[in-house]
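Peer 1:
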Amino acid sequence: MTRPLPLLVSERLTDGRSGVTSVCTAHPIVIEAALLLGLRTGRRVLVEATCNQVNQEGGYTGMTPADFRRFVEAIAARVGLDRSRIVFGGDHLGPNPWKHLSANEAMQRAKAMIEGYARAGFAKLHLDTSMGCAGEPIALADEVTAERAAALAKVAEGVEGSGPAPVYIIGTEVPTPGGAQHALDSLEVTRPEAALRTVEVHEKAFGEAGLGAAFARAIGVVVQPGVEFASTEVIPYKPEKARRLTGALADLPGFVFEAHSTDYQPAASLDALVTDGFAILKVGPWLTFALREAFYGLDGVACVLDPSSKEDGLPAAMEALMLKEPGNWRKYYDGSPDELRLQRHFSFSDRIRYYWPRPEAQAAVDRLFAKLGDKPIPEPLISQYLGGLYPEVAGGSLGARPRELVIGAVLQVLRRYDHACRHC
Numbered sequence: 000m001t002r003p004l005p006l007l008v009s010e011r012l013t014d015g016r017s018g019v020t021s022v023c024t025a026h027p028i029v030i031e032a033a034l035l036l037g038l039r040t041g042r043r044v045l046v047e048a049t050c051n052q053v054n055q056e057g058g059y060t061g062m063t064p065a066d067f068r069r070f071v072e073a074i075a076a077r078v079g080l081d082r083s084r085i086v087f088g089g090d091h092l093g094p095n096p097w098k099h100l101s102a103n104e105a106m107q108r109a110k111a112m113i114e115g116y117a118r119a120g121f122a123k124l125h126l127d128t129s130m131g132c133a134g135e136p137i138a139l140a141d142e143v144t145a146e147r148a149a150a151l152a153k154v155a156e157g158v159e160g161s162g163p164a165p166v167y168i169i170g171t172e173v174p175t176p177g178g179a180q181h182a183l184d185s186l187e188v189t190r191p192e193a194a195l196r197t198v199e200v201h202e203k204a205f206g207e208a209g210l211g212a213a214f215a216r217a218i219g220v221v222v223q224p225g226v227e228f229a230s231t232e233v234i235p236y237k238p239e240k241a242r243r244l245t246g247a248l249a250d251l252p253g254f255v256f257e258a259h260s261t262d263y264q265p266a267a268s269l270d271a272l273v274t275d276g277f278a279i280l281k282v283g284p285w286l287t288f289a290l291r292e293a294f295y296g297l298d299g300v301a302c303v304l305d306p307s308s309k310e311d312g313l314p315a316a317m318e319a320l321m322l323k324e325p326g327n328w329r330k331y332y333d334g335s336p337d338e339l340r341l342q343r344h345f346s347f348s349d350r351i352r353y354y355w356p357r358p359e360a361q362a363a364v365d366r367l368f369a370k371l372g373d374k375p376i377p378e379p380l381i382s383q384y385l386g387g388l389y390p391e392v393a394g395g396s397l398g399a400r401p402r403e404l405v406i407g408a409v410l411q412v413l414r415r416y417d418h419a420c421r422h423c
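In numbering that gives the first Met the number 0, the protein residues as written are 0 to 423.
1) Does the distance from the CB of K110 to the CB of L151 come in under 8 Å?
2) Hey, how far is the Cα of I113 from the Cα of Q107?
3) Using DSSP with H/G/I as helix, E/B as strand and the rest coil, what is E227?
4) On the DSSP letters alone, give me the boundaries of the beta strand (DSSP E) that A217 sits inside.
5) From E31 to E239, what distance separates their C-alpha atoms?
6) Cutting at 6 Å between CB atoms, please list the residues of its own chain near W285, excluding the five before and the five after it.
7) Which first and last residues belong to the beta strand (DSSP E) in which D90 is found?
8) Which residues bound the beta strand (DSSP E) around C23?
9) Kindly indicate which residue of E72, R421, L385, A249 has the alpha-carbon position closest to the one of V405.
10) Quick one: Cα of R357 to Cα of S260, how far?
11) Pull up the DSSP beta-bridge partners for H125, would you.
12) Put I279 into one of helix, strand or coil per three-state DSSP.
13) Going by the beta-carbon positions, is the gap between V198 and L251 smaller than 8 Å?
14) Since F256 contacts F277 with CB under 8 Å, what's their CB separation in whole angstroms?
15) Find the nearest neighbour of R421 within the set D365, P27, L6, D14, judged by alpha-carbon distance.
16) For I218, which residues from the same chain have a beta carbon less than 6 Å from its beta carbon, with the 5 sequence-adjacent residues on both sides left out?
17) Rank D141, P390, A119, D373 by C-alpha distance to the C-alpha of P379 and give the top, closest one.
18) S230 and S83 - do their beta-carbons sit closer together than 8 Å?
19) Can you tell me where the alpha helix (DSSP H) with T274 in it begins and where it stops?
20) Quick one: residues in its chain with C-beta nearer than 6 Å to the C-beta of T24, no 5 flanking neighbours on either side, listed in chain order?
21) Does A301 come out as helix, strand or coil in the three-state DSSP assignment?
22) Counting along the chain, where does the beta strand (DSSP E) carrying A48 start and finish?
23) Please name the residue in T49, P336, A258, A301 whose C-alpha comes closest to that of T63.
24) Candidates A241, D298, V158, E146: which alpha carbon is nearest A117's?
25) For Y354, which residues in the same chain have their Cβ closer than 8 Å to its Cβ, ignoring the five residues on either side in sequence?
26) Helix, strand or coil for E359? Go by DSSP, reduced to three states.
27) Applying the 10 Å Cβ sphere with the 16-neighbour rule, what's the burial state of G18?
28) Confirm, please, whether the CB-CB distance from L313 to L367 is below 8 Å.
29) Can you tell me which of G299, V188, A122, T40 puts its alpha carbon nearest to the alpha carbon of A315?
30) Are there 16 or more other CB atoms within 10 angstroms of the CB of A105, so buried, or fewer, so exposed?
31) Taking Cβ positions, are A149 and F205 nearer each other than 8 Å?
32) Should P224 and A241 be called a contact, given that it needs their Cβ atoms to be closer than 8 Å?
33) For I74, I'd like the list of residues in its chain whose CB is within less than 8 Å of its CB, leaving aside the five on either flank, ordered along the chain.
34) Quick one: what does DSSP say F460 is sitting in, helix, strand or coil?
35) As a quick exercise: from A133, V78, F214, T40, pick the residue whose alpha carbon is nearest that of A145.
36) Counting only the same chain and skipping the five closest in sequence on each side, list residues whose C-beta sits under 8 Å from that of R190.
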């Protein structure tokens, strides 16, 4: 049986549903797909930016929080979704982008970042201060993490805005953003006593900082439910392994669990996560993985329609770009040259997603769409190169034009989450 949601979670995030999908991406086509689904279902859309993607220094997208909000709202205006239906969230907000600096300097920058998120009207703020900075251990004591989280919340609370005060997500057992970089045979579910202690120490730290009212708006705890993915493997959710953890929610009134790294989970596993109380499901790499699959499928179609176009195809352009600028994949992948080549393009970790905003990548995608034009793709070629989309095209629910097919590929993933987050 699906657990009843705390009132604040239901009011702010889920429209009274069992859960909510957290769309963690900065790719415009992925965001467009998420907003289109919200338009079709009439439900709100939770879009989140991470501290590395978006911050006061621009992050790897070049956007500040205010820029990101304008970017998403411009897409919403184009598709016809009322911007009031979008919930903006900030993920992993803390010193992580500056952890090579001293704790004092890193926290000062983290405070400037969260002020920017709060001032831009981001309504859901994940406080993640669990990482050590220069000269500190990799993992900090719970009390230090909670004290730093409260310091960030104090900054956010000091920002005057026209909207409702933000809700907070806490939690120190945060999976590696973008997937694990190690073997997954050692994956452990969060111990229930650890989840309870996380809430206890944060409540104490917030109280000592005079932030009792802010802590009353803490609605979620990030825990490890036993799901993860790496370059070539996925660990699906096993409810029996998380039973003790999910039982702890009975002692956490007002809280739900937030699950990260839910990408590539089978549909039944997503359903079970929501049913068990993991009401916030984050997804990111799977969405851009589906986007890349569709792009590469269309490239295959283009090569059949015009064999001479193979030489300037999209995969070759992306390979050249990633070899020229290896910083976003080199330390995450290992193996022989052939294994590295496969991972650059096809890894579940999807490090290729960092390259789509680059001018060279955008130009290559534009060339692909220019080759194909806006004519429908012949259905036999859709069956051959975009087989997962063919049943929808044949059934008439998805158009056969190139851009429709790309958005359709992302929507296939988003609909799995939408189904899991409905009332059962």
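Even for Gly, the Cβ is constructed at its ideal location relative to N, Cα and C.
These numbers were taken from a predicted model, which means no experiment stands behind them.
Peer 2: This is what the structure holds:
1) The answer is yes: Cβ separation under 8 Å.
2) 10 Å
3) strand
4) 217–222
5) Distance between the alpha carbons of E31 and E239: 37 Å.
6) D262, Y263, V412.
7) 85–92
8) For C23, the uninterrupted beta strand (DSSP E) segment begins and ends at 19–23.
9) L385
10) 25 Å
11) I168
12) strand
13) yes
14) About 5 Å; that satisfies the 8 Å criterion.
15) D14
16) L7, V8, V166
17) P390
18) Result no, Cβ atoms of S83 and S230 do not sit closer than 8 Å.
19) 266–274
20) G283, L286
21) helix
22) Looking at the DSSP string, the run of the beta strand (DSSP E) that includes A48 is 44–49.
23) With distances taken between Cα atoms, T63 lies closest to T49.
24) Considering only alpha carbons, the answer is V158.
25) M317, L320, M321, E324, N327, A360
26) helix
27) buried
28) yes
29) G299
30) buried
31) For the pair A149 and F205, the CB atoms are nearer than the 8 Å cut-off.
32) It is a contact, given that the beta carbons lie within the stated cut-off.
33) P27, I30, E31, L34
34) This structure gives no information on residue 460, because the portion of the chain shown stretches from 0 to 423.
35) Nearest to A145 by alpha-carbon distance, out of A133, V78, F214, T40, is F214.
36) Counting only Cβ-Cβ distances below 8 Å, and skipping sequence neighbours, we find R243, L244.
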